[in-house]
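K.L.:
The structure under discussion is supplied below as structure tokens; questions concerning it will follow.
In this note's numbering, the protein residues as written are 34 to 197.
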């Protein structure tokens with residue numbers, strides 16, 4: 034019985050460490066957090082004498098965790114922690130933040146001039162506007178005539194104008 038207590042305690046501790054790493058350090062999909070939760074659940078079931086007792090322990094843990102989260106939210110401690118972890122600033126237009134323009138379809142078939150080297154990305158002037166463009170994979174020198182051959186969302190794809 035002592036071996037199971039040691040193993041279950043180890044599983045719970047490693048599970049907690051993995052969840053903490055997932056929250057604060059490891060960016061990404063959540064694999065370490067899921068593995069950590071499964072290790073903690075496995076540790077609880079190893080320490081229990083029966084399946085029903087393990088389920089009872091898990092229910093008690095969930096209720097206590099829910100109460101702690103509720104109390105932390107009501108007292109404001111969770112809000113303070115959240116402000117330290119999450120970005121609270123809003124990106125306002127007055128401060129210079131602008132959402133990308135998405136209606137570039139009207140450029141399709143239009144011609145313009147490469148303002149920079151396009152290898153394969155760069156800047157071009159189309160209908161008097163400076164726009165970011167991407168070539169079809171070729172290198173286009175500065176000041177070359179270009180034509181918009183495709184628009185994919187916010188990407189304007191150009192090729193070198195043939196009659197140059």
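Glycine is no exception: its CB is placed at the ideal position from the N, C-alpha and C atoms.
Quantities reported herein were computed from a predicted structural model and do not represent experimental measurements.
Using a Cβ distance threshold of 8 Å, determine whether the region 117-133 contacts the region 164-171, with at least three qualifying pairs required.
P.N.:
no
K.L.:
Which class does residue 145 belong to by DSSP, given the choice of helix, strand or coil?
P.N.:
Note: residue 145 maps to strand in three-state DSSP.
K.L.:
How is the alpha helix (DSSP H) around residue 76 delimited, first residue to last?
P.N.:
Looking at the DSSP string, the run of the alpha helix (DSSP H) that includes residue 76 is 64-80.
K.L.:
Quick check on residue 94: does DSSP put it in helix, strand or coil?
P.N.:
Helix.
K.L.:
Taking the C-alpha atoms as reference points, what is the distance between residue 96 and residue 105?
P.N.:
Rounded to whole angstroms, residue 96 to residue 105 spans 14 Å at the Cα level.
K.L.:
In chain order, which continuous runs of the beta strand (DSSP E) of length 3 or greater are located wholly inside the region 155-193?
P.N.:
You should have 162-168, 178-185, 188-193.
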